[in-house]
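Positions 6 to 301 (the numbering used here) are the ones given, in order, by the sequence shown.
The next block holds one structure in the form of structure tokens; read it before the comments.
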Amino acid sequence: MELLGTYLNGNFTTRLFSDGTKIRETKDDNFKAGFAENMDIKICNYCDMNCSFCHEGSTTSGKFGDILNEKFTNTFHPYQEVAIGGGDATSHPDLIPFLQKLKDKKVIANMTVNQIHFEKKQSLIKMLIDEKLIYGLGVSLVNPTDNFISMIKQYDNAVIHVINGILKPSDVERLSNNNLKMLILGYKNLRRGKDWFSEEYENILPEQSWLKENLADIIKGFEVASFDNLAIEQLDVKRLMSDKDWEEFYMGDDGTSTYYIDMVERKFARSSTAPFDKRYELLDTVDDMFKVVIEE
Ligand code: SF4
């Protein structure tokens, strides 16, 4: 495990390792970030998957953000992390020069792709990882076939993303006991996610109850199980942990050391689920935007 970098941020020091491990240390009682540790960045709204529950509302008419020319992209701190997504981020025509620019600034880029794009674009994905243009790779699950499982096992830093309410017992059965890493995301009631929930709640709610009831056993089948803040709330993850473990592993509320940037709509917000009236026009620096989010 290689140390990627150590940096001071507010009242704590962060050490980042190549396998995604992050260690924060402070002498105070709480961590207070001086700048955002991580930004969730949407680079396009184009996607050909047409998922019914897509909270981004992405389609083949979706636009690509002007990712090479936004002023704030010149203001990242070394070792700041970005989680790049879309739409289908792999389809952005400027993806590679954008990632190269981030790498030149020592920004740690992670990216999420859909399973189908991951399978179809293996040479691109391999190149991005080999060239250290991205570190972490999130792959949104569609269908856990044997072929997919053997493919994803080749990537040490790949994490399978699943959604509370979409993940089925049969998916868990096929994925379990394969030394895989899984990130459980909360169900986002936004855009198509909202429409799909009102049409399909009779199917979604039982899947959510099943996951919540069986969570303790389900996570035993994975090398690592993690959650976004929405899933932590929806699945009441805290009940499964001791206070000590919670203190150690909980990374903080949205907007305390992370925020969201939409490069298509040119907006930023506390998180990707922020209400539309709590999304603000992009500012010129990542620190100015973080300040607005913190003060909010
Ligand atoms: S959920 Fe992801 S893969 Fe599906 S349409 Fe939306 S952006 Fe595309």
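All residues carry an ideal CB built from backbone N, CA and C; glycine is no exception.
On the criterion of 16 or more Cβ atoms from any shown chain inside 10 Å, does Leu21 qualify as buried, or is it exposed?
Here the question's residue 21 lines up with position 16 in the sequence shown. Buried, since its Cβ has 16 or more Cβ neighbours within 10 Å.
Enumerated in chain order, which unbroken segments of the alpha helix (DSSP H) with a length of 4 residues or greater are wholly contained in the segment 162 to 225?
174 to 180, 197 to 223
Of the residues Ile266, Asn183, Ala279, the one placed nearest Gly90, counting alpha carbons only:
The residue given as residue 90 occupies position 85 in the sequence shown. Among Ile266, Asn183, Ala279, the Cα nearest to that of Gly90 belongs to Ile266.
Exposed or buried, Arg275, counting other C-beta atoms within 10 Å across all chains shown (16 or more means buried)?
Reading the sequence shown from its first residue, position 270 is the one you call residue 275. Buried is the call here.
Say yes only if the C-beta of Asn115 is nearer than 7 angstroms to one or more non-hydrogen atoms of ligand 1, and no if none qualify.
Residue 115 sits at position 110 when you count from the first residue of the sequence shown. No, the Cβ of Asn115 stays beyond 7 angstroms of every heavy atom of ligand 1.
For Lys27, which of helix, strand or coil comes out of DSSP?
Numbered from its first residue, the sequence shown carries residue 27 at position 22. Reduced to three states, the DSSP call for Lys27 is strand.
Contacting residues, own chain, Cβ-Cβ under 7 angstroms from His166 (five flanking each side not counted):
Position 161 of the sequence shown, counted from the start, is the residue given in the question as residue 166. Excluding positions up to five away in sequence, the list reads Thr117, Gly143, Val144, Ser145, Leu146, Leu188, Leu190.
Kindly indicate which residue of Gln127, Asp289, Ser262 has the alpha-carbon position closest to the one of Lys76.
Numbered from its first residue, the sequence shown carries residue 76 at position 71. Among Gln127, Asp289, Ser262, the Cα nearest to that of Lys76 belongs to Asp289.
Per DSSP, what kind of secondary structure is Asp293 in: helix, strand or coil?
Your numbering for residue 293 matches position 288 in the sequence shown. If DSSP states are grouped into helix, strand and coil, Asp293 belongs with the helices.
Start-to-end residues for the beta strand (DSSP E) that takes in Leu235
As a working note, residue 235 is residue 230 in the sequence shown. Here Leu235 belongs to no beta strand (DSSP E); instead the alpha helix (DSSP H) covers 234 to 239.
Separation of Pro174 from Cys59, as counted between CA atoms
Walking along the sequence shown from the start, residue 59 turns up at place 54. Walking along the sequence shown from the start, residue 174 turns up at place 169. In a straight line, the C-alpha of Cys59 is about 21 angstroms away from that of Pro174.
What does DSSP give as the partner residue(s) for Thr65 in the beta ladder?
Mapped onto the sequence shown, residue 65 falls at position 60. According to DSSP, which records beta bridges pairwise, Thr65 is partnered with nothing at all.
Please classify Thr80: does DSSP put it in a helix, a strand, or coil?
Position 75 of the sequence shown, counted from the first residue, corresponds to residue 80. Note: Thr80 maps to coil in three-state DSSP.
Between which two residues does the alpha helix (DSSP H) containing Ser145 stretch?
As a working note, residue 145 is residue 140 in the sequence shown. No alpha helix (DSSP H) contains Ser145, which is instead part of the beta strand (DSSP E) from 142 to 145.
Asp267, enclosing alpha helix (DSSP H) - first and last residue
Counting from 1 along the sequence shown, the entry for residue 267 is found at position 262. Unbroken run through Asp267 is the beta strand (DSSP E), 263 to 267; no alpha helix (DSSP H).
First and last residue of the uninterrupted beta strand (DSSP E) at Asp45
For the purposes of this step, residue 45 is taken as residue 40 along the sequence shown, with counting starting at 1. Looking at the DSSP string, the run of the beta strand (DSSP E) that includes Asp45 is 43 to 47.
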